[in-house]
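Numbering (this note's numbering), first residue to last: 965 to 1130.
Just so you know, even glycine gets a beta-carbon here, dropped at the ideal spot from N, CA and C.
Every value quoted in this text rests on a predicted model; they were computed, and no experiment measured them.
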């Protein structure tokens, strides 16, 4: 199973360059997880209309713009993996651990955003994944993560950097 994990799009509506990234990297995935800061209600409607298996959580910027009825935290099971999502909060260096603590230890993968920085690390028995940001990047180029899940195997994560030409 291929899962596209994205965060921090920070767009009011889909731009032409975002649509190219969506068509090339996100649409082919079996499931799409958005870790918050979608930012515009038009973007949320685009995701919901464009992918049948789209799941999202509320980010701090989403809460400011309003018009999005999304949970702060969300859990689901995919290919036998228990996955939790939250946008994140607190000290930038501790966001992944803070989200892990809030969601609980019984998860295989915790997906989060907020820092705009890529992260893939195993802590105990749980993988922490931050796909980076598709907009407003801090230190890296815009990115997303493609997560491959196969029952009985370790999850595999590929961070994909994108540009306006993708």
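Straight-line Cα distance separating residue j from residue i
i	j	result
residue 1068	residue 1012	28 Å
residue 1074	residue 1114	17 Å
residue 1016	residue 995	8 Å
residue 1001	residue 1086	24 Å
residue 1023	residue 1091	21 Å
residue 1124	residue 1003	22 Å
residue 1096	residue 1070	24 Å
residue 1109	residue 1061	19 Å
residue 1126	residue 1037	27 Å
residue 1098	residue 973	5 Å
Given residue i as reference, the closest of the options once Cα atoms are compared
i	options	result
residue 1080	967, 971, 966, 965	971
residue 993	1046, 1042, 1092	1042
residue 1040	1107, 1020, 1089	1020
residue 975	991, 989, 1029, 1038	1029
residue 933	989, 1065, 1032, 998	The structure shown does not extend to residue 933, since the chain is modelled only from 965 through 1130, so no value can be given for it.
Simplified DSSP assignment, three categories, for residue i
i	result
residue 1050	strand
residue 980	helix
residue 1113	coil
residue 1097	coil
residue 1021	coil
residue 1005	helix
residue 1062	helix
residue 991	coil
residue 1122	strand
Assigned exposure category for residue i - 16 Cβ within 10 Å defines buried
i	result
residue 1094	buried
residue 966	exposed
residue 1106	buried
residue 1044	exposed
residue 1035	exposed
residue 1026	buried
residue 1120	exposed
residue 1089	exposed
residue 1116	exposed
Residue-level contact to chain D via CB, residue i, 8 Å cutoff
i	result
residue 971	Included in the structure is just one protein chain, with no chain D present.
Cβ-heavy atom distance, residue i to the ligand FAD, below 7 Å
i	result
residue 1112	Questions concerning the ligand FAD fall outside what the structure shown contains, since it holds no ligand whatsoever.
| message | Using 8 Å as the cut-off, can you tell me whether the region 1045–1064 makes contact with the region 1006–1013, which would need three or more C-beta pairs spanning the two stretches below that distance? | response | no
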